[in-house]
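Notes to accompany the following structure.
In the working numbering, the protein residues as written are 462 to 741.
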């Protein structure tokens, strides 16, 4: 499902127990210097990530100062964030001129300690190629390196490398718990384009062998993925970014199931097997 960009007035775009993606939570908060925002999400662990701007964050009395290094847009530096356990009281204040802040969440019944993720901690994977039209870079904010410190939440930023190209290819899904071949992970994206009048398409094929849906995605689009195979593509001449939230039902490591009719293309895309491993 596609949610067009809109002024959410700092209210959750995907709230708790959403019938479509009950394992996810997502909010975008916009602040000016000196303004603060406070939240508590019982049953969901969260990660606070400034898209732009710098914030001071406090989680149940633990302080993490000057989170966020980016100015103009999401291409302007490396991401940073703060992990907060489920149900924690979180407060953050804007210390730059403005800040746009993503709050990513996943349902979780465990309890963990808060921690910060600095630019130097980001785990970067680049794979694909211009020739295969699959060249992209993934910046893991809450990736495999935090195994044992996070319950069910995975948070990443994905970039097409160059102007135009495919992402999430070969088509894959993760809507059913049937280990070892697949896990149930609800997923939510928020897209950005450079230049910001760029666009792309999100494809969702919910049933193999049947025609799926195509959503026109623009700067600020949110897409929720509850079921089916879901590659996306940026139009020629435009760079594409998407903030990615994954919440696992029974485990944190993601096991993707590639569409059988296209799975052979895993062997044609340089570095894709390393990318798959980083989500586990």
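Even for Gly, the Cβ is constructed at its ideal location relative to N, Cα and C.
Could you pull the DSSP bridge partners for residue i from this structure?
i	result
residue 485	567
residue 651	683, 704
residue 719	633
residue 598	587, 620
residue 643	639
residue 499	552
residue 628	693
residue 535	Answer is none; residue 535 lacks a bridge partner.
residue 516	528, 555
residue 576	544
residue 560	492
residue 511	562
residue 523	520
residue 611	608
With DSSP as the reference, label residue i as helix, strand or coil.
i	result
residue 699	coil
residue 493	strand
residue 530	strand
residue 464	strand
residue 593	coil
residue 582	helix
residue 474	coil
residue 506	strand
residue 678	strand
residue 541	coil
residue 480	coil
residue 663	strand
Starting from the Cα of residue i, find the closest Cα among the options and give me that residue.
i	options	result
residue 542	712, 511, 560	511
residue 468	683, 702, 550	683
residue 504	591, 568, 656	568
residue 548	488, 591, 715, 572	572
residue 513	465, 671, 494	494
residue 580	685, 535, 706, 666	535
residue 710	721, 588, 515, 570	570
residue 499	539, 486, 518, 659	518
residue 575	462, 663, 546	546
residue 652	634, 706, 672	706
residue 724	673, 669, 699	669
residue 563	539, 509, 610, 520	509
residue 610	698, 578, 531	578
residue 685	623, 561, 673, 650	650
residue 538	565, 585, 566, 506	585
residue 654	566, 728, 698	698
residue 482	531, 565, 623	565
residue 559	516, 544, 589, 600	516
residue 663	626, 737, 731, 735	626
residue 732	657, 607, 726, 589	589
residue 671	623, 722, 661	722
Among residues of its own chain, excluding the 5 on either side of residue i, which ones have a beta-carbon nearer than 8 Å to its beta-carbon?
i	result
residue 496	554, 555
residue 628	595, 597, 619, 621, 692, 693, 694, 695, 701, 703
residue 487	473, 474, 475, 563, 564, 565, 566, 649, 651, 683, 706
residue 464	474, 682, 683, 684, 685
residue 729	593
Ordered along the chain, which non-local residues of its own chain (more than five positions away) have a Cβ less than 6 Å from that of residue i?
i	result
residue 630	595, 692
residue 471	490
residue 688	636, 667
residue 521	549, 550
residue 720	632, 690
residue 659	699
residue 726	631
residue 507	545, 564, 566
residue 531	513, 537, 538
Within the same chain, show all residues whose beta-carbon is closer than 7 Å to that of residue i, passing over the 5 residues directly before and after it, in chain order.
i	result
residue 466	679, 680, 681, 682
residue 718	633, 634, 635, 642, 643
residue 540	510, 583, 600, 602, 618
Segment contact flag, the stretch 640-652 with the stretch 589-599, C-beta cutoff 8 Å, min 3 pairs: no
The stretch 676-683 in contact with the stretch 636-643 per 3-pair CB rule at 8 Å: no
Inter-stretch contact at 8 Å, needing at least 3 Cβ pairs: the stretch 685-694 / the stretch 546-557: no
Cβ contact (3+ pairs, closer than 8 Å) linking the stretch 516-535 and the stretch 471-482: no
Cβ contact (3+ pairs, closer than 8 Å) linking the stretch 700-715 and the stretch 613-631: yes
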